[in-house]
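First the structure, in the form of structure tokens, and then the observations on it.
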Amino acid sequence: MAANVRLKINQAGVRKLLQSAEVQKDLSSRVNRVRAAAGAGFEARVAVVGGSSKLGRAMGYVSTSDARGRRSQAKSPVLQRALNAGK
Amino acid sequence: MAELLMPADPEVVSIAELHAGLIGSRFAAAAVGTKLPTSTPKPDWFVRLTAGGGVGRDLVTDAATLVVDGFAVREQDARDLTALCVAILERAGRAGSLGGATCYGVEVAGLPANLPHPTVTTHFRFTATVSAALRRATV
């Protein structure tokens, strides 16, 4: 068994992966499932934005898109219930 | 045949925990349930707790999502009532028992947020989201 194994993280490669088209496609699929579960009045989007690292990573969002969605979410926790669809 | 492992009812156990936990606080008279009170006028303070699904964590544990809505005539009371409910649920998670069900922890997914209810215009509403890791029970 090898001893004294040292790992060196390829930070640039990790960043590239976090912003890759494949990750964005997977996120898009997930947020679209959540949006569909939430019903009318909600929209989904994926964007590469700066998180805590400020270097940027792909992130998915589902939010209300019109008054009907906002009212629906205000009356009951529609988005929280729909979250499981993105699993 | 393999035994049945039933998910705990997160609403029932959480409401039981909140009922017990609110005693002794200034919100002891607050009603806790899954629906909005139908009485007119509505009580000065009340809590709506609803299950928002969740995920299975492992064979015997589920991470149940719970949404806590604290209503009060005064805005500060609504915030304090919701925050107190979150604290009671978290304490139960640390103690290992939530309303009689074995609980492996409660995590806060969303701290109390000021979100007025569109149809309950007489009250302020704060809403918070927590996730409770509840052990299943054999049937």
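Protein chains in written order, with my numbering: chain A, 1 to 87; chain B, 1001 to 1139.
Where is the CB? At the ideal position from N, CA and C, for every residue including glycine.
None of these values were measured; they are calculated from a predicted model.
- The C-alpha of Pro-1116 of chain B lies about 18 Å from the C-alpha of Val-1032 of chain B.
- Within chain B, Leu-1115, Pro-1116, His-1117 and Pro-1118 have C-beta atoms less than 8 Å from the C-beta of Ala-74 of chain A, given in sequence order.
- Under the 8 Å criterion on CB atoms, Thr-1034 of chain B is classed as non-interfacial with respect to chain A.
- In the three-state reduction of the DSSP assignment, Pro-1116 of chain B falls in the coil class.
- In the pairwise beta carbon analysis, the stretch 1060 to 1073 of chain B is classified as touching the stretch 1130 to 1137 of chain B: at least three pairs are separated by under 8 Å.
- Here Leu-18 of chain A has Arg-57 and Ala-58 as same chain residues with Cβ atoms under 7 Å from its own Cβ, once five neighbours each way along the sequence are excluded.
- Contacts with chain B at 8 Å (Cβ-Cβ) do not include Asn-32 of chain A.
- Using a Cβ-Cβ cut-off of 7 Å, Asn-10 of chain A is close to nothing in chain B; its nearest Cβ partner there is about 31 Å away.
- Around the beta carbon of Leu-1018 of chain B, a 10 Å sphere encloses 16 or more other beta carbons of the protein chains shown; the residue is thus reported as buried.
- Apart from the 5 residues on each side of it in sequence, Gly-1021 of chain B sits with its Cβ closer than 6 Å to the Cβ of Ile-1088 in its chain, given in chain order.
- Close CB contacts of Leu-1066 of chain B within its chain, under the 8 Å cut and outside five residues either way in sequence, are with Pro-1010, Glu-1011, Ser-1014, Leu-1049, Thr-1050, Ala-1051, Gly-1052, Leu-1089, Thr-1129, Val-1130, Ser-1131 and Ala-1132 (chain order).
- Between the beta-carbon of Ala-1078 of chain B and that of Phe-1126 of chain B there is about 5 Å, and that keeps the pair under the 8 Å contact cut.
- By the C-beta criterion, the stretch 58 to 77 of chain A is judged to be in contact with the stretch 34 to 47 of chain A, since at least 3 inter-stretch pairs fall below 8 Å.
- Ser-29 of chain A: member of the alpha helix (DSSP H) spanning 21 to 38, first to last residue.
- By the neighbour-count definition (other C-beta atoms within 10 Å, threshold 16), Arg-1094 of chain B is an exposed residue.
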